[in-house]
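Below: the structure, in structure tokens.
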Amino acid sequence: MLRTHTCGELRITDVNKEVILCGWVKKVRKLGGMLFIDLRDRYGVTQLALNFETQSHLFDVADSLGREYVIKVKGLVAERSNKNANMPTGDIEIIVSDIEILNTSKVPPFTIEDDTDGGDELRMKYRYLDIRRDCVKNNLILRHKVVHEVRNYLSDRNFLEVETPFLIKSTPEGARDFVVPSRMNQGQFYALPQSPQQFKQLLMVAGIDRYFQIVKCFRDEDLRADRQPEFTQIDCEMSFVEQNDVLEMFEGMMKHVFKVVRGIEFDYDFPRMTWADAMKYYGSDKPDIRFGMKFVELTDIVKTSTFSVFNEAKAVIAIAAPGCAEYTRKELDGLTEFVKRPQTGAKGLVYVKCNADGTFKSSVDKFYSQEDLATWAKTVGANPGDLILVLSGDDIMKVRKQMNDLRLEMGNRLGLRPHDTYAPLWVVDFPLFEWSEEEQRYMSMHHPFTCPKIEDLDRLETDPGSVNAYAYDMVMNGVELGGGSIRIHDRELQNRMFRALGLDDATAQRKFGCLLGAFEYGAPPHAGLAFGLDRVCAMIVGQDSIRDFIAFPKNNSGRDLMDGSPTEISQEQLDELCLQVVRK
Ligand code: ASP
């Protein structure tokens, strides 16, 4: 070992010890007759001190040190005269007796401090320097702890971690597959798994009744800030269970992780909300329930005047923003602009100020009497001082989505979405299908192996849109952390499902023949779910971006700015794979 201690571990109790430390030069300062070096490694920073008079032989070396040089120093631990309470090692310093330069460094392209001068692109290009910064490094440490605790929790409960292949058959359903050409089988391709879904179900058929895997998944989707083409799932499956068993097991896992990793205890059962209620009251299948402002439908009570917008609307939805009756013209215009943004897409916004004196002032005063507005306020549950915001339209789902945007925006403006408050819940009873306008057919809301609710089974062929599923998501602070379902384990039901999805028997056989075949050899009832590890980590520390929890992430165009991928490959490689690149 080159060193006796790390840069984060020496304390006042170590005074007078002879030590050897290795690390990177964070900072060099000359002060009077002294030279101070902050030496950094993964564990912390320790101050090194050199005295011009007594250690003059070290001066040439010390003088040549630049930022991020790698050095090894020998010295004596001494009590510091000017202690630094902000540093765990701040009570001591090392009186250096020897310095060896292990490696030099170019001047780094940005400062290696939490508050760095490097922009995103630069930091990603030099991610290996970025990771030297505490804030990035700490995220990786946190991620390690989360994974460690997940493994502990699940191993203690008889879950077996089993690896499944990365080179699999392409069966795109939902997202696009990344494909890999096979050299040995010309013209044929593997796909990278979007998730190990079929393999974990096969493991249940194989009798591995509790499976998990911390596993990379790959989806060739258009990227948003919180999406990566490759991401990690905590993937789980269990046999001989009902929905409640799964929810309890994994609620327990999340509670365990939050407690051990972050010291946060949830001493209550996570509430459960049906998908229908989530949509009705929050306009989202991942409601942020840190705050109220639930939706109230006014559709039937606003048709008392000649206001054609409301008279013709199929849905009129309101929320009451607490204490916002004093909003200025400018603030109200700002909200109108917000809902009219293309991504929200509302045509306009109606407001009602519930004045402190019990009167009302609204943008539709011309059409509605004070009594009308009082009825609205009562229905919405608005108090004097509140601001009622109303959106309307033809398509209730669209209005709900617009109101969801507005509600979250009001939550932000009112400071009701603090990062250190956690509001978990389960959203259950998702619809089995959603209609795709693009493909003009029903698509699985979750995936085609999700079991329909028994009581809805007889409508699978006649009214598929009304069938609900044993499907569930764990949601926290408006973010989906994970989701899963009870699976179909009956071959005939699986066939009906494929037919409902517009897949004829031959196509289903071609795509999913392997799983269907396995279902003929004693498939046990089984269920499972998967969590997005990157997202769970970001949630635990209250951050939005998952990118900061991935050591080497890609940018929004799916590019790794560090190694430059994706890149072209050589003609030789193409020839070997019998591939030709056609440029569009
Ligand atoms: N494989 C599913 C997914 O990736 C999760 C599950 O149903 O277990 O979303």
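In this text, residue positions in the sequence shown follow numbering that gives the first Met the number 0: the first is 0, and each later residue adds one.
C-beta: ideal position from N, C-alpha, C; glycine also.
Closer than 6 Å by C-beta to residue i: which residues in its own chain qualify, once you throw out the five before and the five after it? Chain order, please.
i, result
"Arg131", "Ile111"
"Val115", "This sequence places Thr at residue 115; Val is not what is there. Closer than 6 Å at Cβ, skipping near neighbours: Phe109."
"Ser283", "Asn403"
"Val95", "Leu47, Leu49, Val72, Gly74"
"Lys26", "Asp37"
"Asp562", "none"
"Asp596", "Since the first residue of the chain shown is 0 and the last is 583, residue 596 is not available in this structure."
"Asp428", "Thr273, Trp274, Asn467"
"Arg546", "Pro552"
Rounded to the nearest angstrom, what separates residue i and residue j at their Cα positions?
i, j, result
"Phe359", "Met475", "36 Å"
"Phe58", "Val76", "20 Å"
"Leu492", "Met253", "32 Å"
"Leu412", "Arg39", "One detail in the question is off: residue 412 reads as Arg in this sequence, not Leu. Near 40 Å, if we compare the C-alpha coordinates of Arg39 and Arg412."
"Gly590", "Glu325", "The question about residue 590 has no answer, for the chain in this structure spans 0 to 583."
"Phe294", "Thr163", "44 Å"
"Asn467", "Gly7", "55 Å"
"Phe257", "Asp268", "14 Å"
"Met442", "Arg495", "14 Å"
"Val204", "Leu191", "23 Å"
"Thr225", "Ser80", "Checking the displayed sequence, the identity of residue 225 turns out to be Asp instead of Thr. Rounded to whole angstroms, Asp225 to Ser80 spans 47 Å at the Cα level."
"His445", "Trp274", "13 Å"
"Glu575", "Arg182", "6 Å"
"Arg584", "Ala529", "Because the chain in this structure spans residues 0 to 583, residue 584 falls outside the shown range and cannot be described."
"Asp129", "Arg156", "38 Å"
"Glu17", "Met237", "55 Å"
"Ala522", "Gly262", "40 Å"
"Val349", "Asp119", "40 Å"
"Gln227", "Val14", "48 Å"
"Lys510", "Leu159", "28 Å"
"Leu334", "Val308", "19 Å"
"Arg66", "Asp133", "16 Å"
"Leu500", "Gly512", "16 Å"
Count the other CB atoms within 10 Å of the CB of residue i; is the residue buried (16 or more) or exposed (fewer)?
i, result
"Lys313", "exposed"
"Thr12", "exposed"
"His56", "exposed"
"Ala505", "exposed"
"Gln369", "exposed"
"Glu92", "buried"
"Val581", "exposed"
"Ile453", "exposed"
"Tyr281", "buried"
"Tyr127", "exposed"
"Ser391", "buried"
"Asn138", "buried"
"Gly585", "This structure cannot settle anything about residue 585, because the visible part of the chain is limited to 0 through 583."
"Gly291", "exposed"
"Ala550", "exposed"
"Ile140", "exposed"
"Arg486", "buried"
Start and end of the alpha helix (DSSP H) containing residue i?
i, result
"Cys134", "133-155"
"Asn403", "395-412"
"Thr335", "328-339"
"Gly251", "242-256"
"Arg498", "490-499"
"Leu128", "126-129"
"Ala376", "369-379"
"Glu311", "307-311"
Spatial neighbours of residue i within its chain, please: CB distance less than 7 Å, with the 5 preceding and 5 following residues excluded, ordered by chain position.
i, result
"Pro270", "Leu424"
"Ala277", "Ser283, Asp284, Pro286, Val426"
"Ser194", "Cys216, Gln232, Asp234, Ala529"
"Gln212", "Glu160, Val161, Glu162, Thr163, Pro195, Asp234"
Taking the continuous beta strand (DSSP E) assigned at residue i, which residues delimit it?
i, result
"Ile19", "17-30"
"Gln46", "43-50"
"Glu360", "Just to set this straight, residue 360 is Lys in the shown sequence, not Glu. Here the beta strand (DSSP E) through Lys360 covers 359-361."
"Leu38", "33-40"
"Asn102", "91-102"
"Leu573", "Element bounds for Leu573: not the beta strand (DSSP E) but the alpha helix (DSSP H), 570-575."
"Phe58", "Per DSSP, Phe58 belongs to no beta strand (DSSP E); it is in the alpha helix (DSSP H), 58-63."
"Lys82", "From DSSP, Lys82 is part of no beta strand (DSSP E); its letter is neither H nor E."
"Gly392", "386-392"
"Gly481", "478-485"
"Ser435", "432-435"
Q: Write down every uninterrupted run of the beta strand (DSSP E) in the segment 515-565 whose length is 3 residues or greater and which is fully enclosed by it, in chain order.
A: 525-531
Q) For ligand 2, which residues have a Cβ under 5 Å from at least one heavy atom, in chain order? A) Absence of ligand 2 is noted for the structure shown, with ligand 1 being the only ligands found.
Q | Completely contained beta strand (DSSP E) runs for the segment 269-293, where each covers 3 or more residues | A | 271-273
Q: With a floor of 4 residues, list each alpha helix (DSSP H) that falls wholly inside the segment 177-237, ordered by position along the chain.
A: Counting only runs that start and end inside the segment 177-237, the alpha helix (DSSP H) elements of at least 4 residues fall at 196-204.
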